[in-house]
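In our numbering, the protein residues as written are 58 to 258.
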Amino acid sequence: MSEEPKLSMNEHDEPVSGNAQMPVGVAVVLALLGYIGCTKVDELNANFASNVHFPFGSPVEVASLAPSEEQLVIMRGKALYAKNCMACHQANGGGSGVNPPLANSPYVLENSERLSAILLKGLGGPIEVLGKTYNGAMPAWESTLSDVQIAEVLTYIRQEWGNSASRITGEEVSKVSAKIQEQGQSQPWTEPELSEAFSAE
């Protein structure tokens, strides 16, 4: 019986862990990149905040650039005015000739309760503003706008077109609304009724 030929499987030894080291140049580059990255994060002090993007360095800086609450009130009031009031009182607050002006108007700048009452219930019949008599009709807004929205649009017109008067809040408008209900006023105001219920400040 002849012996079977031995086949060579060309097998290799099992791999073993060696002592190969990373080239010094590569290690230096990686260390340098890590250092630069950490330094940049430290400079920004952003802690990877999602609302911080170049060129701003921190959430505090971003927040400082946001509009203040007073500015937001004016912005919302301006939008409400453009949608609901501009057609009659014009973009410049000067009135249309048929409707009275809001710029420099005593009805805007003086008694804030009286002004709130006008928007809540509306106004009809002749009214004198800055020496001129107007005989139009203004609708009531109490069913269309919230007390906060009324306050915002009033604050806007009291601080626009050269006007300079204090802010009106939603709470103040609500108090005026309650006062009107106690008085039993259900129809749009006339000028004599306004003068009796709300004197000028």
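Glycine is no exception: its CB is placed at the ideal position from the N, C-alpha and C atoms.
Keep in mind the model is a prediction, meaning the values are calculated, not measured.
In chain order, what residues of the same chain have a beta carbon less than 8 Å from the beta carbon of T190, not counting five sequence neighbours either side? Within the same chain, and ignoring the five residues on either side of T190 in sequence, the residues whose Cβ sits closer than 8 Å to its Cβ are P183 and I184.
For E253, the first and last residue of its enclosing alpha helix (DSSP H): E248 to A254
Tell me where the alpha helix (DSSP H) around T201 begins and ends. Per DSSP, T201 belongs to no alpha helix (DSSP H) and is neither H nor E.
Which residue's Cα is closest to the Cα of I225: A123, W218 and D204? Checked all of A123, W218 and D204; the closest Cα to I225 is D204.
Output needed for A222: all residues of its chain with C-beta closer than 6 Å, excluding positions within five of it in sequence on either side, in chain order. Within the same chain, A222 has close Cβ partners L166 and R215.
Using three-state DSSP, classify T212 as helix, strand or coil. helix
If I'm right that A208 touches V230 with Cβ under 8 Å, what's the distance once you round it to whole angstroms? 5 Å
Please go through the same chain and pick out, in chain order, the residues whose beta-carbon is closer than 6 Å to the beta-carbon of L176, but skip the five residues on each side of it. Non-local C-beta neighbours of L176 in its own chain, meaning closer than 6 Å and more than five positions away in sequence, comprise W198 and I207, ordered along the chain.
Which whole-angstrom value is the C-beta distance of G150 and W218, which I expect to be below 8 Å? 4 Å
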